[in-house]
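Numbering (this note's numbering), first residue to last: 8 to 271.
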């Protein structure tokens, strides 16, 4: 049973994994035996990531690469194959969000979110798939979102991108499943990270932040998720245990999508 979930001998590329969700997933995969490769947009972030992995006792390979630049991504994948090995596992994690009401959002800002959150997973997957086909197997995990299913004010571009990423996931499955490539997604719920910390701070009167109260009330688990909650699902989708799971989005949301909410 343990061998089914082992990632020994596998090379995993996790994009944008210097910190946060990507770092947690990559760390979990490393502890399951994978060799970790990650990228970020500049050398400072890559150095930050390398130091964080080293502190965890993990020897990771970090590269500077803009995942929206097709030529740069092709060069990155070629370099990884030369210096580390063929990529067995790809986690398309890099992403951005711009919280702007739709009618106030410029087309340029909308395009930027689509470029990073949807075009980049297409570009990186396309670069990795040919070698996966030659090797006879491959795992692609796209970090989707509850916004792949739901809308919310100020996130029109993000929701459009994540909805598109859900369908890209299913299409990669449809097109390349015959080559023993499994492409699935993980849809995180609201995760406690440094970026969301201000939304969880207690108010001066000792009460919870209104958004914190809102999320807890909408979540049957009655808590925010932790980045560690995403590790098990990611390792499962990267391992042989999921060899007949394809085109699926695994929502790790504490039950939000199953729940209509409490009666006022």
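Yeah, the Cβ is synthetic: ideal placement off N, Cα and C, and Gly gets one too. Source: prediction; values computed, not measured.
In the displayed model, residue 241 falls within a helix according to three-state DSSP.
Between the C-alpha atoms of residue 247 and residue 113 there is a straight-line separation of about 44 Å. Checking the DSSP bridge columns, you'll see residue 42 partnered with 18.
Approximately 7 Å separates the beta-carbon atoms of residue 250 and residue 189; this is inside 8 Å, confirming the contact. Sequence-distant Cβ neighbours of residue 161 in its own chain, meaning closer than 7 Å and more than five residues away, are 106, 107 and 108. Looking at the backbone, the Cα of residue 118 and that of residue 240 are separated by about 30 Å.
With contacts defined by Cβ atoms closer than 8 Å, residue 20 and residue 94 form a contacting pair.
In this structure, the beta-carbon distance from residue 22 to residue 100 falls below 8 Å.
The beta carbon of residue 15 lies closer than 6 Å to those of 40 in the same chain, with the five residues before and after it left out. Sequence-distant Cβ neighbours of residue 232 in its own chain, meaning closer than 8 Å and more than five residues away, are 195, 196, 197, 198, 199, 259, 260 and 261. A straight-line Cα-Cα distance of about 9 Å links residue 52 and residue 24.
Taking C-beta atoms under 8 Å as the contact rule, residue 131 and residue 175 fail to qualify, at a distance of about 11 Å.
Here the segment 198–212 does not lie against the segment 168–182, with fewer than 3 beta-carbon pairs under 8 Å apart. Sequence-distant partners of residue 68 (beyond 5 residues in either direction) whose C-beta falls short of 8 Å from its own C-beta, in its chain, are 42, 43, 44, 45, 87, 90 and 91.
Remark: C-beta atoms of residue 237 and residue 219 do not approach each other more closely than 8 Å. In this structure, residue 254 keeps its C-beta atom at 8 Å or more from the C-beta atom of residue 135. Excluding the 5 residues flanking it on each side, residue 242 has same chain C-beta neighbours closer than 8 Å at 12, 14, 35, 36 and 39, in chain order. The bridge partners DSSP lists for residue 97 are 20 and 147.
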